[in-house]
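Respectively, the protein sequence lines represent chains P and G.
Remember, the working numbering sits 74 above the position in the first sequence when you count from 1.
Remember, the working numbering sits 160 above the position in the second sequence when you count from 1.
Heads up, the beta-carbon is just placed ideally off N, CA and C, and yes, glycines get one too.
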Amino acid sequence: QKEVEQNSGPLSVPEGAIASLNCTYSDRGSQSFFWYRQYSGKSPELIMSIYSNGDKEDGRFTAQLNKASQYVSLLIRDSQPSDSATYLCAVNAEQAGTALIFGKGTTLSVSS
Amino acid sequence: ETGVTQTPRHLVMGMTNKKSLKCEQHLGHNAMYWYKQSAKKPLELMFVYSLEERVENNSVPSRFSPECPNSSHLFLHLHTLQPEDSALYLCASSQGGQIYEQYFGPGTRLTVT
Numbered sequence: 075q076k077e078v079e080q081n082s083g084p085l086s087v088p089e090g091a092i093a094s095l096n097c098t099y100s101d102r103g104s105q106s107f108f109w110y111r112q113y114s115g116k117s118p119e120l121i122m123s124i125y126s127n128g129d130k131e132d133g134r135f136t137a138q139l140n141k142a143s144q145y146v147s148l149l150i151r152d153s154q155p156s157d158s159a160t161y162l163c164a165v166n167a168e169q170a171g172t173a174l175i176f177g178k179g180t181t182l183s184v185s186s
Numbered sequence: 161e162t163g164v165t166q167t168p169r170h171l172v173m174g175m176t177n178k179k180s181l182k183c184e185q186h187l188g189h190n191a192m193y194w195y196k197q198s199a200k201k202p203l204e205l206m207f208v209y210s211l212e213e214r215v216e217n218n219s220v221p222s223r224f225s226p227e228c229p230n231s232s233h234l235f236l237h238l239h240t241l242q243p244e245d246s247a248l249y250l251c252a253s254s255q256g257g258q259i260y261e262q263y264f265g266p267g268t269r270l271t272v273t
């Protein structure tokens, strides 16, 4: 059973701080990694994709990938109350065609 | 319309009813998905259609029946559902091939009474 593990949280950070969200995955063959943001009552929104080891930055978001450790993370700099949401980690499954495996998500709360 | 749309957005149905959920993608993608999202549980993949061919998911009860008439449209036919089927049903699409980025519709909030 291929798995994606995330700490469910909640992760609470003050406004302006760096929020660090972590994810581990079990399928060594995975090549594509994604972070989705989901506000309460809404559908998931793709915010970051990463395919190579290292860091990828997009505005206040940085995704980090370490395939040897089977670990992917998302850093949110200068956290804002509007970043309060559940963040879902998703990984492609080598034997599952185009399907993604999702973690349960980490709930982030940013206090002003 | 842009992106992925779903109708209806909210649905209340009795256990003996038959209803259908509709999804349409305007992104030119060739793979479409149905997910179920229940409280406190991860997204559950129900069905995948790639190039209009269905990938079987044996864990989904037969009271859920998907239909993909073309690469832009996806339906989920519902009949004799149970209260535990109440959930948010999400449709997603992706380019297919080696491109795995999936884009979600707004979802249908289903309540089975």
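Is any heavy atom in the ligand GDP found nearer than 6 Å to the beta carbon of residue i?
| i | result |
| --- | --- |
| P/Gln80 | Summarising the ligand content, the structure contains no ligands, and the ligand GDP is consequently not present. |
May I ask you to report which of helix, strand or coil DSSP gives residue i?
| i | result |
| --- | --- |
| P/Asp129 | strand |
| G/Pro221 | coil |
| P/Ser94 | strand |
| P/Glu168 | coil |
| P/Ser185 | strand |
| P/Ser156 | helix |
Tell me the DSSP bridge mates of residue i?
| i | result |
| --- | --- |
| G/Glu204 | G/Lys196 |
| P/Pro88 | P/Ser185 |
Which residues bound the beta strand (DSSP E) around residue i?
| i | result |
| --- | --- |
| G/Glu213 | Glu213 to Val215 |
| G/Asn177 | Element bounds for G/Asn177: n/a, residue is neither H nor E. |
| G/Asn230 | Phe224 to Asn230 |
| G/Gly265 | Counting along the chain, G/Gly265 falls outside any beta strand (DSSP E), and DSSP gives it neither H nor E. |
| G/Ala252 | Ala247 to Gly256 |
| G/Leu187 | It is not in any beta strand (DSSP E) - G/Leu187 carries neither H nor E in the DSSP assignment. |
Excluding the 5 residues flanking residue i on each side, which residues of the same chain have their C-beta closer than 6 Å to its C-beta?
| i | result |
| --- | --- |
| P/Val146 | Cys97, Phe107 and Leu139 |
| G/Ala191 | Ser210, Ser254 and Gly256 |
Within the same chain, show all residues whose beta-carbon is closer than 8 Å to that of residue i, passing over the 5 residues directly before and after it, in chain order.
| i | result |
| --- | --- |
| G/Phe235 | Ser180, Leu181, Lys182, Cys183, Pro226, Glu227, Cys228 and Pro229 |
| G/Val215 | Phe207, Val208 and Tyr209 |
Exercise. Give the residues from the region 166-181 of chain P that approach chain G closer than 9 Å (Cβ to any Cβ), ordered along the chain.
Key: Asn166, Ala170, Gly171, Thr172, Ala173, Leu174, Ile175, Phe176, Gly177, Lys178 and Gly179
Quiz item: For the region 117-138 of chain P, which residues have a beta carbon sitting closer than 8 Å to at least one beta carbon of chain G?
Solution: Ser117, Pro118, Glu119, Leu120 and Ser123
Exercise. Check distances from the C-beta atoms of the region 221-244 of chain G to those of chain P and list, in chain order, the residues that come in under 8 Å.
Key: none
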